[in-house]
Structures are given as C-alpha cells and as structure tokens.
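Numbers 1398 to 1652, taken from the working numbering, label the letters of the sequence shown in order.
Single-structure report; data block below.
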Amino acid sequence: MSIRKGKHSARRPAPVGQQGFTLLELIVGMVLGLLVIAAALGSLLLTRSTSAVTSDLTQLQQTAAYALRVIGVQIRQAGSYEPVAATGGFGSGDAITFKDYTSAVVTGDEASFTVATQTPMAMRLRRDCLGNAVMTSEFLSTLAFDADSASLLCGNGAQTQPIIGNVTDFRVRYRNFTVNGAGNYSFQIAEAPQPSSATAGVAAVEVCLELQGDEPVPDAGAGGKYVNCDGQAVPMGDRIRRVFHNTYSLRVRGA
1398 MSIRKGKHSA RRPAPVGQQG FTLLELIVGM VLGLLVIAAA LGSLLLTRST SAVTSDLTQL
1458 QQTAAYALRV IGVQIRQAGS YEPVAATGGF GSGDAITFKD YTSAVVTGDE ASFTVATQTP
1518 MAMRLRRDCL GNAVMTSEFL STLAFDADSA SLLCGNGAQT QPIIGNVTDF RVRYRNFTVN
1578 GAGNYSFQIA EAPQPSSATA GVAAVEVCLE LQGDEPVPDA GAGGKYVNCD GQAVPMGDRI
1638 RRVFHNTYSL RVRGA
C-alpha cells in the first residue's frame, strides 16, 4: 500500500491589526467638530447681540432722562419775575416791584424754542443748560435740533453746543391760552407760541424726542415698527429707536 503525498503550501502570516481611521470615521469626526464650533459661535453671537441691545436701551434711557431734565429746568423757569425791593422808606411807593422782560418770554417753532428767565444778580445761583454761570439778570435759553449732526443743541443764544447725540427727531408744540372777559381760560395746541399779553400766552410746552442706538441690530427691522413724533407707525430700521414725550408747565401762566 502506497501513501500518496500531496503538495504542502506555505503558511500564510497572521493578518496585522488595522492602524488609523477610515475615511468615513474622519469625515464624521470633522462634522461633529464643526457642529461644536458652530454652536459655540452661535452662542457667542447671540450673547453679544443681546448685550448690545441691552446696552443701547440703557444708554437711550439715560440720554433721554438727561436731556428732558435739562429742558425741564429751562422751561419751568420761563416767565418768572425777579422781585426788586424798594429803596425808599415806608409810604414811598410799592415795597416790591417786578422788572419787565426786554424780550419775548417764549419764542420758537416746531423744531426749536427759546425761553427767557430772570434770576437774582447778587446770588448767581442759576446756570444755563451748558453749565455756565448766569451773569445777567435776564438770560435766554435756546434748544434746537441739528439734523446734520443728529444732535440736540442748547445755549444762551450767542453760543450753542450739543448736549446729546443720536437724535433723529425733535418736535415742540405749545399749549397756548387766552382769557376772555369773564375770566375763563381756553387752550389751544399749536406749532408756534402765542405772544404774551395780559390775556394770552403759553401755559405749557410739549416736547417729543426721538433717539436711535449705536449698534446695528438686523433683527430690529424684521417687520418691527414704532410710533414716531408725528404719531405714525414707521419701520424700525436696523437700529433700536425710542421716542420720549414730556409736557412742561410754565410756572407763570401769564408768560
């Protein structure tokens, strides 16, 4: 009995373990990394946008409060009379007299106004809207809107300076009054002040101030509207806008 010998093939080496990543794994890792980066950038941009809007709103509120306070100080004193004590003894005439104004107490139009005020010469307590000491017994305060510089100007007539910026509109209306023979008052709202007399004058001044923010906010104009000083609903645009109203009564209604 013969044994049949077969061919013996060489033994194959054991397969070596795979090294590195496949292309699919690299793509998946890159996509996940990009998603994490995108989420971080989105969060950063959202935080910055929210911070910018909050800062703009706070700044607009503070700016408007300052401007309206300065305006109110000037208007409320308009038409006040400084008493002049008599120098003679008793029986020499009136103990106290009042000096008449050399100029109109309230003048202006719908975009600016000027008010006249008297102050005691000896005390020097009054300061104008620029912070300068008042050196005369009668002085003028002028407030006006400058569209070219988008600022609200204030001064004493000869000298004016911006007191706030980012002003897009400034409107003034006057509550004029008249007194009939029976002593009854009637009031009218007009864009010009009524000349002062014994039976007519300006009782109050209405002010509308429109401000806009510094930071562009693209989402602000996405269908958003606001009511401007004309009472019309208009598009917001790409910046935050706020409108402020206030009414100031003159202390002397006969002004």
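Heads up, the beta-carbon is just placed ideally off N, CA and C, and yes, glycines get one too.
- prompt: Does the region 1452-1460 touch the region 1636-1646, meaning 3 or more C-beta pairs lie closer than 8 Å?
  reply: yes
message: I believe asparagine 1573 touches alanine 1587 by the beta-carbon criterion, under 8 Å. Please report the beta-carbon distance rounded to the nearest angstrom.
response: For the purposes of this step, residue 1573 is identified with residue 176 of the sequence shown, where counting begins at 1. For the purposes of this step, residue 1587 is identified with residue 190 of the sequence shown, where counting begins at 1. Yes, asparagine 1573 and alanine 1587 are in contact; Cβ-Cβ is about 6 Å, under 8 Å.
Every unbroken beta strand (DSSP E) inside the region 1585-1640 [3 residues or more]: 1597-1613, 1622-1624 and 1630-1632
field: Nearest candidate by alpha-carbon position, reference glycine 1552, set Gly1562, Ser1546, Ala1541 and Thr1644
entry: Numbered from 1 along the sequence shown, position 155 holds the residue referred to as residue 1552. For glycine 1552, the nearest C-alpha among the options comes from Ala1541.
query: So, using beta-carbon positions, are aspartate 1543 and cysteine 1626 closer together than 8 Å?
result: The residue you call residue 1543 lines up with position 146 of the sequence shown. The residue you call residue 1626 lines up with position 229 of the sequence shown. No.
message: Does leucine 1654 pass the burial test, meaning 16 or more other C-beta atoms within 10 Å, or should it be called exposed?
response: Residue 1654 lies beyond the residue range present for the chain, which begins at 1398 and ends at 1652; the question has no answer from this structure.
- prompt: Which stretch, first to last residue, makes up the beta strand (DSSP E) that contains glutamate 1657?
  reply: Because residue 1657 is not part of the residues shown, which for the chain are 1398 to 1652, the question remains open.
task: Keeping to the same chain, check which residues put their C-beta closer than 7 Å to that of alanine 1464; ignore five residues upstream and five downstream.
output: Counted from its first residue, the sequence shown places residue 1464 at position 67. Leu1549, Ile1560, Ile1561 and Leu1606, listed in sequence order.
task: Could you tell me which residues DSSP pairs with leucine 1550 in its beta bridges?
output: Residue 1550 sits at position 153 when you count from the first residue of the sequence shown. According to DSSP, which records beta bridges pairwise, leucine 1550 is partnered with Ala1541 and Pro1559.
- prompt: Measuring CA to CA, which of Val1604, Ile1434 and Val1631 is closest to alanine 1508?
  reply: What you label residue 1508 is simply residue 111 of the sequence shown in a count that begins at 1. It is Val1604 whose Cα lies nearest to the Cα of alanine 1508.
message: Looking at threonine 1511: is its Cβ nearer than 8 Å to the Cβ of leucine 1527?
response: Along the sequence shown, read from residue 1 onward, the residue named residue 1511 stands at position 114. Along the sequence shown, read from residue 1 onward, the residue named residue 1527 stands at position 130. Their beta carbons are not under 8 Å apart, which means threonine 1511 does not touch leucine 1527 by this criterion.
field: Where the beta strand (DSSP E) containing alanine 1513 begins and where it ends
entry: Translated into the one-based positions of the sequence shown, residue 1513 becomes position 116. 1509-1515 is the span of the beta strand (DSSP E), which, as asked, contains alanine 1513.
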